[in-house]
Each structure stands twice: as C-alpha cells, then as structure tokens.
Amino acid sequence: EMAPLAKGELWPSFIRDHADLEMVEESGKVRCKSTGHEMAPTKEVVEAYLSGKKYLKARAKIVGGEYDFDKFLPSIVTSRKDPTKLFCHLTKKTINKVPEEIELHVNGRRFKARLREKEELDERRKKKSAGKGGGEGR
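Structure representation (structure tokens):
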C-alpha cells in the first residue's frame, strides 16, 4: 500500500498499472489509449476522467465490439436506420450497442412479455400446421 498522495501529486504506479493509460514523456501528461485524451497526471484529474461519461461511453463501445450480440437473434438485430445501434423486433425499440443496455432490455418486463406472446403464437402456428398435414391424401 502506498502512502496517500498530496493534492495534485503524480500517480505513477496507478498510471503504469492501468491498461488504458500511458505517460507522454514529451509533455509529462497522461494519455488515454482508447480515446487519445491527454490530461494532467494528477490523481484528481485522472480519476475524474476515468469515471466521466465520455470515457465510459468510449470504453463501452470498445468492450461492445467484443460482445456477442448474436445470442439475441432473431429478436434483436442491427438497426437499418443506424448501423451503430441495434433494433428489437419484439418491442420495436432502438437500443445502443452497449452490453449493459442490452442486458437491461432483454431482462425488462416489456421484452419478456412480447417474447412470451411470440412463443405462444409460434406454438399455436406449429399445432395448426401439424393438424393440416396428414389428410385423405388426394
């Protein structure tokens, strides 16, 4: 455990250990690898950036690139209007390609209700088509 840092003091071990940060030798600043953002190497500034909306959105996009969206097919597909988003055929909603948002959507009551309705409908269709097949054989 390292000693607490004085306000505005450098934070080398944290920056070295954080996979997304690097020191810029020429300027003495800290650069975020995934966004290219450069900031003063103080604890307050770096912590504020890492917990900020812009950084978290950028990270979500990068992590989202590794996420398997195919497990929600055929209900949730890539949106035709905005390829950077997904579209849910059951709820007719556009969803951001952020894993947390998709998990929230598929675990929501509206999605679950529509999914249940669709499964019941498919089940009825299956029974209906099975009933027609074997007839007199003309």
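Basically the working numbering = 1-based index in the sequence shown + 24. By construction, the Cβ of each residue, glycine as well, lies at the ideal position given by its N, Cα and C atoms.
Membership of Arg55 in the beta strand (DSSP E) is indicated by the continuous run 53-56.
Contact check between the region 100-114 and the region 135-152: three or more CB pairs, one atom from each, fall below 8 Å, which counts as touching. Judged by DSSP in its simplified three-state form, Leu97 adopts coil rather than helix or strand. The way I'd put it, the region 70-85 does touch the region 47-59; three or more beta-carbon pairs between them come closer than 8 Å. Secondary structure at Glu141: helix, using DSSP grouped into helix, strand and coil.
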